[in-house]
Amino acid sequence: MLSFRTISSFVIYNAPGSQKAQRQMEVVQVLHMNKGAGVTSYAMNSAVQSKIISVTKPAIERAIKETLCSISWPVSMGIADLGCSSGPNALLVVTEILDAVFDTCCHLERSSPEFKVYLNDLFSNDFNNIFTSLPAFYRKQSQEKESGFGPCFILGAPGSFYGRLFPSNSLHFVHSSSSLHWLSQVPIGVEGRSLNKGKIYISKSSPQCVLDAYLSQFQNDFSFFLKSRSQEMVTGARMVLSFMARKDVDPTTPESCYQWELLAHALMTMVAQGVIEEEKVDLFDAPYYAPCIQELKLEIEKEGSFVMDWSDGYEIDWDDGADQMVTDESLAPLSSEERVARTIRAVVESMLESHFGGHIMDELFRRYAKLVGDHLSNTRTRYYNLVISLVKKA
Ligand SMILES: C[S@@+](CC[C@H](N)C(=O)[O-])C[C@H]1O[C@@H](n2cnc3c(N)ncnc32)[C@H](O)[C@@H]1O
């Protein structure tokens with residue numbers, strides 16, 4: 001019989017009061033996916049991300065198998081999902097990982113380890129939404145896995161993955177999906193300045209200093225992410241990361257920024273009608289970066305703790321994942337543009353609300369849906385996602 005426990009931890013990640021800690025605190029406090037299970041919640045509007053998780057499944061299976069074949073067999077296996085958010089996807093990932101370990105144990109005729117599964121996200125994440133789904137998850141796991149499968153302890157691990165979260169040498173597998181494109185803060189040099197006029201992310205009209213600041217913030221963050229994980233993972237452990245990226249080295253190509261371009265356009269229509277001030281738009285920049293594979297490789301080599309053993313890129317339609325929403329009757333009759341708008345709203349609303357105020361959100365996303373509809377009627381548009389597998393070096 002499987003047994004499960006849930007506990008949470010507390011992490012201090014930067015000296016309180018330092019400038020960096022304050023800037024990070026802002027992002028940490030304002031960035032969270034829409035909570036609960038209502039019509040605008042992340043739980044009800046994360047079908048695109050769910051699709052991404054299912055596309056990544058073979059990479060997870062392969063990485064787990066290769067890890068267990070190459071490290072000394074763990075009695076207790078440490079697993080972390082970074083940026084788990086709330087809603088069905090968090091436990092979907094855990095299920096996929098446990099299934100992959102189960103299959104590997106059967107294949108190798110080895111006894112199962114016990115599991116410590118850490119679910120990480122920022123402090124303001126709706127962890128309660130996940131924890132209330134645990135009884136059904138436990139039941140399903142108990143029914144599906146044979147009695148010899150080890151006990152599983154689910155642990156909440158709140159804090160930023162740009163810093164230490166776990167004890168040294170405690171992790172054998174790390175996963176993260178649709179999360180690492182979030183930076184730790186609005187890039188230094190851009191934050192609080194009206195440099196990126198009328199835009200909220202990198203755009204064709206952005207000055208070079210904005211592009212440079214975004215790249216530099218990504219480099220610092222990703223390097224710190226790798227350094228933190230390198231202390232927490234055992235030698236030979238693997239990390240499967242999938243996130244929004246771009247194919248082209250040019251960061252202004254539409255595939256990496258057009259969702260932001262249309263959102264900026266929607267905001268500027270509200271500026272034109274005097275609903276919001278132009279300066280407010282000029283002062284908002286998203287703490288987001290979609291890297292290309294060359295930028296990732298460079299940082300991985302420079303940091304030096306990991307080898308990239310595998311990578312793949314794939315495209316997902318903006319309105320993909322509708323087939324994954326069969327149980328979600330409230331979304332079934334929605335048009336493509338409304339689905340896209342709700343998907344984006346569930347992710348970015350908390351940030352926009354804290355800057356522009358909650359009163360404009362319904363109108364903003366109504367305008368956004370209209371612009372998305374116009375765009376999709378002319379152009380089939382896709383997100384580009386990268387999945388990479390990294391092995392911790394000796
Ligand atoms: C779009 S959601 C993805 C959730 C889930 N992994 C999925 O695939 O559905 C991105 C998540 O990353 C989290 N996140 C962003 N930056 C983070 C950080 N520095 N540390 C931990 N979590 C972070 C956000 O709070 C959010 O819940």
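For the sequence shown, position 341 matches number 341 in my numbering, and the numbering has no gaps at all. Note that CB positions come from ideal geometry on N, CA and C, so glycine has one too. Owing to the predicted nature of the structure, the values given are computational and were not obtained by experimental measurement.
- Query: How would you write the range of the alpha helix (DSSP H) that S142 sits in, first residue to last?
  - Reply: L134 to E144
- Message: I'd like to confirm the pairing. Which residues does DSSP put opposite K392 in its beta bridges?
- Response: F306
- Kindly indicate the opening and closing residues of the alpha helix (DSSP H) around L352. S336 to F356
- Closest to E146 by CA distance: which of L171, C105 and Y162 is it? C105
- Limits of the unbroken alpha helix (DSSP H) element including S366: The displayed chain sequence assigns Arg, not Ser, to residue 366. That run of the alpha helix (DSSP H) goes M361 to N378.
- So does L241 have its beta carbon nearer than 7 Å to some heavy atom of ligand 1? no
- With DSSP as the reference, label T235 as helix, strand or coil. strand
- Proximity winner among S133, G163, S160 and Q143, relative to I154 (alpha-carbon distances): S133
- When the Cβ atoms of the stretch 250-269 are set against those of the stretch 209-216, are three or more pairs found closer than 8 Å? yes
- Query: Name the DSSP bridge partner or partners of P116?
  - Reply: According to the sequence as given, residue 116 is Lys; it is not Pro. Answer by DSSP bridge pairing, in chain order: G78 and F153.
- Item | Touching by the beta-carbon criterion (3+ pairs, under 8 Å), the stretch 171-183 and the stretch 262-274 | no
- Message: If I measure Cβ to Cβ from I316 and keep anything under 7 Å in the same chain, skipping five residues before and after, which residues do I get?
- Response: V48, K51, I52, R382, Y383 and N385
- Among the residues of its own chain, which have a CB less than 6 Å from the CB of T235, if the five just before and after it don't count? K392 and A394
- Query: Hey, how far is the Cα of D319 from the Cα of R139?
  - Reply: 33 Å
- Where the alpha helix (DSSP H) containing V55 begins and where it ends: A47 to S70
- Message: As a quick exercise: from G38, R339, G150 and Y288, pick the residue whose alpha carbon is nearest that of M77.
- Response: G150
- Query: Do you know whose CA, among V281, V275, E295 and E353, lies nearest K247's CA?
  - Reply: E295
- Message: Using a 10 Å radius around the Cβ and a threshold of 16 neighbouring Cβ atoms, would you call R110 buried or exposed?
- Response: exposed
- Item | Same chain only: Cβ atoms within 8 Å of P97, ignoring 5 sequence neighbours per side | Before going on, a small fix: residue 97 reads as Ile here, not Pro. Contacts found: I60, I64, I79, D81, V117, F173 and H175.
- Message: By the DSSP assignment, the beta strand (DSSP E) with F173 in it spans what residues?
- Response: L171 to S177
- Rank L92, S85, E232 and I344 by C-alpha distance to the C-alpha of N125 and give the top, closest one. S85
- Query: For G87, which option in H32, P58 and S112 has the closest C-alpha, if you only look at C-alpha atoms?
  - Reply: H32
- Please report how far the alpha carbon of F166 lies from the alpha carbon of S46, in whole angstroms. 27 Å
- Query: Would you report the Cα separation of F222 and M308, rounded to the nearest angstrom?
  - Reply: 14 Å
- Task: For G83, count neighbouring Cβ atoms within 10 angstroms of its own Cβ and tell me buried if that reaches 16, exposed if not.
- Result: buried
- Item | Contact check, S311 vs I300, beta carbons under 8 Å | no
- Query: Which of the three DSSP states, helix, strand or coil, is assigned to L331?
  - Reply: The predicted position of L331 is uncertain, since its pLDDT is 48 and thus under 50; a value taken from the coordinates is nonetheless stated next. The answer is coil: DSSP assigns L331 none of H, G, I, E or B.
- Tell me whether E337 is buried or exposed, calling it buried when 16 or more other Cβ atoms sit within 10 Å of its Cβ. buried
- Item | 8 Å contact criterion, which Q231 and S160 should meet: CB distance rounded | The pair is not a contact, with the Cβ atoms about 15 Å apart (cut-off 8 Å).
- Message: Please state whether the Cβ-Cβ distance between T40 and A266 is less than 8 Å.
- Response: no
- Query: Quick one: what does DSSP say D248 is sitting in, helix, strand or coil?
  - Reply: coil
- By the 10 Å Cβ neighbour count, where 16 or more other Cβ atoms means buried, how is V186 classified, buried or exposed? buried
- Message: On the criterion of 16 or more Cβ atoms from any shown chain inside 10 Å, does E349 qualify as buried, or is it exposed?
- Response: buried
- Query: From which residue to which residue does the alpha helix (DSSP H) around I200 run?
  - Reply: Segment: none, I200 is in no alpha helix (DSSP H) and carries neither H nor E.
- Item | Under the three-state DSSP convention, the category T311 falls into | The question names Thr, yet the displayed sequence has Ser at residue 311. Here S311 sits in strand by DSSP.
- Query: Quick one: what's got a C-beta closer than 7 Å to V240's C-beta in the same chain, skipping five residues either side?
  - Reply: T56, A59, I60, A63, H175, V387 and S389
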